[in-house]
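In the numbering used here, the protein residues as written are 1 to 251.
All residues carry an ideal CB built from backbone N, CA and C; glycine is no exception.
Report on the structure given below.
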């Protein structure tokens with residue numbers, strides 16, 4: 001009997017779910033292959049066939065991986081598996097992945113049941129926040145005026161000092177505003193993971209795990225923050241998605 005591994009095909013694994021979850025029959029993943037379940041007892045791997053001789057590194061592959069997981073997350077709890085995870089065949093999926101981790105997977109799926117991940121990102125309006133910084137700091141205002149009036153070469157030291165003061169003021173302001181946002185958000189979520197923000201405008205980037213029964217309440221809270229910070233910062237709500245930030249995919 002010919003098996004997938006005999007013809008150079010392996011099993012690409014997206015995540016782990018309860019074995020009774022029903023996968024949409026037309027769901028396609030990496031390589032436009034149909035997605036199915038490989039069950040072992042009461043847990044199962046979400047998988048599709050893949051050419052095990054072809055490296056998976058393209059943006060299309062990564063997007064397909066995430067789209068499958070997010071679709072599955074709409075149907076029930078899922079433990080995301082690291083992108084690019086390929087096993088030789090269904091026997092390996094069961095024997096090397098599912099059976100050794102069965103009890104841990106059961107516990108994780110129980111904890112994730114009835115929850116979804118969202119991401120809240122906030123970015124300052126650069127012009128507005130810099131205006132605030134200048135208005136709130138007399139030394140910054142004075143140096144800004146001085147460096148505008150003097151040639152660049154003759155005001156090098158003042159420009160360096162101005163940059164340092166602005167960076168420090170922005171850091172302080174961002175910490176205070178980010179903390180205020182977090183205090184409101186954490187009242188409506190089960191868990192959160194604060195990510196590092198980047199750039200002068202970066203204010204907040206936080207992943208949250210939200211109970212389904214509190215989703216409307218959580219979304220209203222984010223809308224309230226958007227209104228509260230209107231004109232100063234823009235908030236973006238992403239989700240629901242698979243719980244990428246709340247499982248250890250490296251394991």
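According to the DSSP secondary-structure assignment, residue 15 is paired through a beta bridge with 46, 80.
Less than 8 Å separates the beta-carbon of residue 139 from that of residue 165. Membership of residue 180 in any beta strand (DSSP E) is not indicated; the residue belongs instead to the alpha helix (DSSP H) covering 156-185.
In the structure shown, the three-state DSSP call for residue 117 is strand.
Shown here, residue 61 sits in a helix according to DSSP, grouped into three states. In the three-state DSSP reduction, residue 98 falls in the helix class (H, G or I). With contact defined as three or more Cβ pairs closer than 8 Å, the segment 233-242 and the segment 169-176 are not in contact.
A distance below 7 Å between beta-carbons, with the five flanking residues on each side excluded, links residue 162 to the following residues of its chain, in chain order: 140, 143, 144, 147. In this structure, DSSP gives residue 241 an extended state, which the three-state scheme calls strand.
Among the bridge pairs identified by DSSP, residue 145 is matched with none. Less than 8 Å divides the Cβ of residue 48 from the Cβ of residue 34. Residue nearest to residue 120 within the set 246, 222, 245, 228 is 222 (criterion: CA-CA distance).
For residue 38, the uninterrupted beta strand (DSSP E) run begins and ends at 36-40, by DSSP. The three-state secondary structure of residue 191, taken from DSSP, is strand.
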